[in-house]
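Protein chains in written order, with this note's numbering: chain Y, 293 to 814; chain C, 77 to 948. Some notes on the structure that comes next.
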C-alpha cells in the first residue's frame, strides 16, 4: 500500500517486471521449478501492474505472447510502448490520466478495452481494433454525441459504457446510442431491452436511415473499386492489361504533337477513324489471346501442382507406414531389452535393434531419393512445357504486334500521301479550305512535312515497341521466377525431409544408447 | 361274353389311347418335331408303359381338394351376379363357345381352351370377368413383390384336382379370400386382380410348369434369406496416367520368378476348379435321378407382368405360390396355352419346344397371339395409347374368320364383388397366422405379429445336410419388442449369439454378440453412438482386455484399450463389483483436433500403470512422416539431501519433429505431467465405469429376455390397452351423455297430460289444474325425499347408539380385535351420519329453490303459457 501514499512516480524497470511476473507465476511445486529455471518474459500470458504509480508505459516489448495486461490505477498520461504486444486480447488502462486514445494501432486482436476514468474527450484512433467487443469509456470527458457514430464500424461491439461523461447527461443519450448502435446488448452495465430498442429505432429512424444509406453507398463504391482492381490484376497476370480497348492507340497519340496536328487535315479524320478501328480490333485480339493463354498456363500449373502433391502425399503415406511399423517393433524391443537380465542377450538384442534402425534409415532415405528423382523428372517436363507455352504466347503476340506495325506503316503512307498532296496544293495555291493556324507551319516545304509525318510515325512505332517489350520481359521473368520457385520449393522439401529422417534416426539411436549406458551402469 | 369282353377291351384301348394322346399332345407342345417322328413308331408296349406311369401318378394325387368343394361354400349369401349371367355375359359365353369351336377345328391337336369354368354357384363364367381389378388400401400392397408375397402368404395352396388339366371350377376371389385356400388358378386370379388394380400390365397365364413349381416344392431351392448379397467390389478405375504423373520406380523383381509363381497359382486353381466341377457333376446326378415322368404336362397358372406400365423395365413371370419373380426365360416354365386379363383373352400360337425361352410377348401380333375379342387386342388401361388401333384394323382381315359382331363387343364388367381384406386379416396374413416353408437345407417359419408372446415373427433354421438333421444356425426375427430386439442369430457350431437391435434400446444397444451372458467373457457390443452421450460405437471384451471405440466426442477420443491384470485375491470374498480387476495399461487414441497444431495434438497416450510410465504420441504434421513423442517416467525420488525431487530432465524424454523452446522447460513438463496424472485417474475411473455398464447391460438384457414385453403403437386401438380403455371410456361417456340428453327431454307434464282426454285443446281451467297438480306432486316428492333421508339418519343414529351401549357393557371382556372392529365401525357410522346430515341440510336448502324453478318453468311452458298468461 505504500506506493499509493508515496506519490513519487515509478519507472517500469526490469526488477519491477520480474517481481510482478514472479508473484503472479505458478505456485507450490511448479513455483519452485519456475524459480529454479526462471521465467522468460515472452512466456507470460497475463500481467498485472496496478497501483504501481507508473507514469510511463515502457519495457514491455519482451512480452510478445501477452494476452491480458492490467495497468489500471496508475498515473499514465499517454498510451505508448504497446506496439509489440500484438496478441493482446484484454487491456485495462482505467483510472489513469490519459487524454487521447492513441498507440493502439497494432493491437488487432484486442477484444476488451477499458479506459474508464481518464481524461479522454474524443473517441478516435481505434480503427485497427476490428475484434472489439467490450469498450469502457465511463468517467471521461466526452461531450459530443457524434462520437457514437464512430463506433458503428465495430461489428462485434456488444458492451459499451459511457456513464459519467458529459454526454450521458443529455436527455436523449440512451435512445441515441440504442438507435445508432443497434447491435449493442449492454449499455452502462445494463441490458438494453427490446422495448427501448424499438422506441429508439422509431425515434431516430430518419437520421439513421440516411446514415445507413450513405454507408451502403460507400460500401458499394468500395466494392466496385475492389472489383475493378481485381480485374486489372487478373489482366496484369495475363500480361495484357489495358489492351481491351483503345488505350494503346490513345497513348500513341497522347505525346504525339505532330500527329494530332496532322489529324486536323482534311481526309485524315476518316483515315484515323478506320485506322483506329482496325488497331483496336488487333489489340482486342491480343487481349483475348492473352487471357486464353493465361488460362492455359494456369491449368498447366494446377495439374502439375496436383500431381506433385499426389506423389508427395503417397510417398509420405509410405514413409509414415514404415515409421509406424518400426515404432511398434521398436517399443516392443525396448521393453524386452529392459526386461532382459542376461547381459549377452541384451547385447545381441541391442545389436539387432541397431540393424533395424539402420534398415529403417535406409528405407526412408531410399523412398526420399526415389521421390526426388521422380519429381525432378516431372519438374523438368513441366519446365519444358511452360517455357514452350510462354514462347508460343510471345511469338503470337509478336506477330499480332507486327500487324499493328503494318497498320501503322500503312497509315503512315496514306498520311504522307495526303500531306504531300496538300503540300502540293498549297504550293500550287489550289487549296480550297483554310488550314488551321498551328498546322500551317508544317507545310512550309516538303522536308518539314515529311519530317513531321515521320516523327509522328516514329513515336507511334516506339509506343508499340515499348508495349511489346514490356509484355515479353514480364512474361519471361514470370516464367523464370516460377521455375526457380518450383526448384527451390522442391529443394527445401527434400532438405527438410532428410533432416527429419536424420533427426528421427538420431533420436531412436539415442534411446538405444541410453538404454545401453543404463545397463552397463546397472 | 366274348363280345362283351371285346367291347371292354375296346373301351380300355380307347381309354389308353386317349390317355396316351393326351400325354402326347402335351409333349407335342414341347417337342413338336421329335414327337411327330415318334408318333409313327408308337407301339403297344409304349402305350402300356405310359399307362402304367400315368396310373402310378394318379394314385399320388392327394385327396385334399375335396376339403374345398362347393359343399363348404354357403352360396345362399352370395350376390345375384354370382348366381346368374347377364345377357351380355351370355353373349360373351356364346362368342367364346363359337371361338372355341373354330379353334378346335383349326387346331385339332391342341387341348381345349380354358375359357369359362364354373364358379361356386355352378354358373359358367368367362375367365376374364373373374378378374376384378382392385387397388388395395394398404400401401404395402402397391408394389408387385409385396403384393405377390401377400397372396402367397395369405392363401393355403391346394393342388389341382387333375394335375394335367385346368380345373373345371374357378371360384371368385372373394370366396377364395374367405376360405384362405385355393389352387394355382385361384392364386393367380387374385394376384392378377390386385396387380392390375395397382396399375401393372398383368396377365393370368394358363400353361405348363415344372413339378417343383406346381407342387410349391422349394426343397431344391436355396432360401432367398440365406443368400448373401453379392458384394459389389467396385473395381477402382485406374485413372489413365495423367500429365505430370510421376513414373513408378523401376521394377527390379525377376520376371521369370513371377511367371513361375503365376504358373503354380494357376495349377492350384485348375485343381480346385476340377474338384468343384466334379462335385457339381455329382450333385447334378443326384438331382437328375428324380426326373419327373410328367415333365411338361403339368398344368400350372401364374402371372405375367409385361413391361411398360409402372416403370417395369422388362417382362417377367410371378409364381403366385412362392411370390418369386422369374425371367421369361426360366426353365421352370415349360409352355403357355393362353393368357388373359380383365379385358381380353389370348391364345399362344408360338411353338413351345424350347420352354418359354423363345416366346415373344407382343400381344398385338395376331400371328403369335390369337385374341378372342377384337378392339382390345392390346390392353389399354390408359386411354392415351391410341396407336394400336391402326394395327387392329389390319389384323381384322387375317383373323380366324370371326364374325363382324365381335368388333363392337367388349368385355362385360366383372361379376365378382369388390375384393376386401380387413386390417385384422391383413395383419394375420397366413392361415392361422403361421406358415412353414421348407427350402434346400433350410426351414423358414413365419408367424403373424403378436401371435407369439415373445414377438417372434420369423425363424430361419439352416441345416448342414440335405436331410435337415444337423442344425447349422438359427435366425429369429422379432417385432414390436419393447427392448427393440430385431434379430437373433444363433450359430450352433461356434455357439456365438448375435442380437441385433433397432434404435431405441434403453442403453442404445445396436448389436450384441456373445457366447455366454457371464461378464468378463468374449463379447462385442455395438451401440447407436448418436443416442449415447459419450459417443461410444463399439465395446469389445475378452477375458483380459476391453476395447472401446468412440465417435464424435468433443475431446476427440476415438479408442480406448484397457488391459486388466489378474484379480487380486482379497481375504474377504466379495462379489465382482466390489473387487474390480486391477488396470495394467490404458491406451487411448484421439482424432486430430483441427484447432490445435499437430505437434500439440496428442494422437495416442498410453498409461503404463504398473511402470508408472506415460507415453504420448502426437499427430503427424501434414508434411512430415514422423510424429513427436514424449515419455514421462513418474518416479518420486529423493535427492541426496533428502528433498523431494519434483522434476528432473530425465523424467521426460521427448522427441520433437520441430524442436520447440518452451517444451524444454521443466515447468512445462511438470505441468504436462500433472495434467496427465489427473487424466490417468479419470481414465481409470472411466474403465471402471465401463465395466459397471457392461454388468448393467447384461442384467438388463437378462431381465428383458425374461419379461419380453411387447409394445403396441398408440394408434393400434385394438391391442394398446391404454388407448383401448380410452376409447371405451369415450364411448361410455358418449353413451351416458346421450342418455342424459334423453332424460333431459323427459316431459314433466306428460303424466298429467295423459290423464286428460287426448287430442283436445286445453281449457284454462284445465291448465291451472294441471299446473297445480304438477306442483303439488313435486312438493310431495321433495317431502318424501326429505323424509327418507331423515329416516335413514335416525336409523343410523340408533344403530350407533346401540353399538355404543353394547361396547360400554362389554368393554372389559373385549379382545383388541373386537375393539378395533368396533372403533372402525364407529368411525364409519359417524361418517355416514355426517353425510346424511349434510344431505338433509342441502335438501332443505335446495327444495324451495327447486320448487320455484319448476313453477317458473311451468309458467313458461309453451303448452300452458297462453292459458296462464292472464294470471301473471
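All C-beta atoms, glycine included, are put in the ideal place defined by N, C-alpha and C.
Of the residues the options, the one placed nearest residue i, counting alpha carbons only
i: residue 738 of chain C; options: Y:314, Y:403, Y:568, Y:357; result: Y:357
i: residue 237 of chain C; options: C:250, C:260, C:222, C:226; result: C:260
i: residue 409 of chain C; options: C:377, C:915, C:864; result: C:377
i: residue 567 of chain Y; options: Y:624, Y:586, Y:542, Y:462; result: Y:542
i: residue 791 of chain C; options: C:783, C:803, C:658, C:882; result: C:803
i: residue 151 of chain C; options: C:251, C:825, C:449, C:608; result: C:251
i: residue 759 of chain C; options: C:533, C:637, C:156; result: C:637
i: residue 73 of chain C; options: C:270, C:555, C:552, C:519; result: An answer regarding residue 73 of chain C cannot be provided, because it is not within the stretch 77 to 948 covered by chain C.
i: residue 398 of chain Y; options: Y:417, Y:677, Y:778; result: Y:417
i: residue 696 of chain C; options: Y:470, Y:472, Y:756, Y:616; result: Y:616
i: residue 558 of chain C; options: C:582, C:539, C:573; result: C:582
Partners in chain Y for residue i, counting only beta-carbon separations shorter than 9 Å
i: residue 733 of chain C; result: 792, 795, 796
i: residue 922 of chain C; result: Simply none; closest approach about 54 Å.
Opening and closing residue of the beta strand (DSSP E) in which residue i lies
i: residue 285 of chain C; result: 277 to 285
i: residue 553 of chain C; result: 547 to 554
i: residue 274 of chain C; result: It is not in any beta strand (DSSP E) - residue 274 of chain C carries neither H nor E in the DSSP assignment.
i: residue 629 of chain Y; result: Segment 560 to 631 is the alpha helix (DSSP H) holding residue 629 of chain Y; no beta strand (DSSP E) there.
i: residue 254 of chain C; result: Unbroken run through residue 254 of chain C is the alpha helix (DSSP H), 249 to 255; no beta strand (DSSP E).
i: residue 400 of chain C; result: 400 to 403
i: residue 728 of chain C; result: 728 to 731
i: residue 703 of chain C; result: 703 to 709
Cβ shell of residue i (< 8 Å), same chain only, five flanking positions each side left out
i: residue 366 of chain Y; result: 341, 342, 343, 344, 345, 346, 347, 387, 388
i: residue 735 of chain Y; result: 711, 714, 715, 718, 727, 741
i: residue 563 of chain Y; result: 703, 706, 707, 710
For residue i, the residue or residues it bridges with in DSSP
i: residue 585 of chain C; result: C:603
i: residue 511 of chain C; result: C:522
i: residue 694 of chain C; result: C:678
i: residue 567 of chain C; result: C:549
i: residue 200 of chain C; result: C:194
i: residue 416 of chain C; result: C:280, C:421
i: residue 636 of chain C; result: C:624, C:664
i: residue 949 of chain C; result: No statement about residue 949 of chain C is possible, as the shown extent of chain C runs from 77 to 948 and does not include it.
Limits of the alpha helix (DSSP H) - the one that residue i falls within
i: residue 224 of chain C; result: 220 to 230
i: residue 749 of chain C; result: 742 to 783
i: residue 641 of chain Y; result: 635 to 720
i: residue 883 of chain C; result: 840 to 886
Chain C contact residues for residue i, given Cβ-Cβ distances below 9 Å
i: residue 787 of chain Y; result: Simply none; closest approach about 12 Å.
i: residue 669 of chain Y; result: 322, 323
Contacts that residue i makes with chain Y (C-beta to C-beta distance below 7 Å)
i: residue 325 of chain C; result: 662
i: residue 723 of chain C; result: 325
i: residue 738 of chain C; result: 335
i: residue 700 of chain C; result: 792
Chain-ordered chain C contacts of residue i [CB-CB under 8 Å]
i: residue 358 of chain Y; result: Per Cβ cutoff of 8 Å: no residues; residue 358 of chain Y is ~15 Å from chain C at best.
i: residue 608 of chain Y; result: 699, 700, 701
i: residue 458 of chain Y; result: Neighbours of residue 458 of chain Y on chain C: none; closest Cβ ~45 Å, over 8 Å.
Sequence-distant residues of its chain with Cβ nearer than 6 Å to residue i (five each side left out)
i: residue 158 of chain C; result: 197
i: residue 432 of chain Y; result: 410, 412, 457
Contacts around residue i, its chain only, beta-carbon distance under 7 Å, and the 5 residues preceding and following it disregarded
i: residue 503 of chain C; result: 524, 525
Amino acids of chain Y, ordered along the chain, whose beta-carbon sits closer than 8 Å to that of residue i
i: residue 746 of chain C; result: 321, 322, 325
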